[in-house]
Amino acid sequence: YNETKPCELADYFKLAPLATNPNLEPCQKASGWTMLPPSGYPTPAQLEVICKNQQCLALLDAVKATNPSDCVLVFNDVRLNVKKVAETSCK
Numbered sequence: 001y002n003e004t005k006p007c008e009l010a011d012y013f014k015l016a017p018l019a020t021n022p023n024l025e026p027c028q029k030a031s032g033w034t035m036l037p038p039s040g041y042p043t044p045a046q047l048e049v050i051c052k053n054q055q056c057l058a059l060l061d062a063v064k065a066t067n068p069s070d071c072v073l074v075f076n077d078v079r080l081n082v083k084k085v086a087e088t089s090c091k
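Per full-length UniProt numbering, the sequence shown starts with residue 1, numbered consecutively.
See below:
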């Protein structure tokens, strides 16, 4: 996965509907990981919760459905490859 190529503006717009996904808030609350705005990659402890939580799994499916680009989203000093998170978090 590309950890250096910044995402283009279109990539941000593609992911924007996730902000209103009904699974976002319950997943963030259950796991302690903030996806929007991203707090960074989830820790192993957070991943353990994410991969067992139905709202989190549904949220990851919603992310995959956007067909995210292999690039890094930059939010202030946080860099996150959404494609990597969606495809590798719960293998």
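Ideal Cβ placement from N, Cα and C applies to all residues, glycine included.
N-terminal and C-terminal residue of the beta strand (DSSP E) that residue i is part of
{"i": "residue 78", "result": "78-80"}
{"i": "residue 74", "result": "73-75"}
Proximity to residue i [Cα-Cα], best of the options
{"i": "residue 53", "options": "81, 40, 79, 28", "result": "28"}
{"i": "residue 78", "options": "11, 40, 48, 89", "result": "40"}
{"i": "residue 25", "options": "6, 11, 50", "result": "50"}
{"i": "residue 55", "options": "44, 38, 21, 70", "result": "21"}
{"i": "residue 69", "options": "58, 86, 59, 76", "result": "86"}
{"i": "residue 7", "options": "73, 45, 89", "result": "73"}
Check whether residue i and residue j have beta carbons under 7 Å apart
{"i": "residue 47", "j": "residue 19", "result": "no"}
{"i": "residue 12", "j": "residue 84", "result": "no"}
{"i": "residue 59", "j": "residue 23", "result": "yes"}
{"i": "residue 14", "j": "residue 66", "result": "yes"}
{"i": "residue 75", "j": "residue 42", "result": "no"}
Per-residue DSSP class, three states only, for residue i
{"i": "residue 17", "result": "helix"}
{"i": "residue 38", "result": "coil"}
{"i": "residue 6", "result": "strand"}
{"i": "residue 89", "result": "coil"}
{"i": "residue 68", "result": "coil"}
{"i": "residue 1", "result": "coil"}
{"i": "residue 51", "result": "coil"}
Residue i - containing alpha helix (DSSP H), residue span
{"i": "residue 27", "result": "24-31"}
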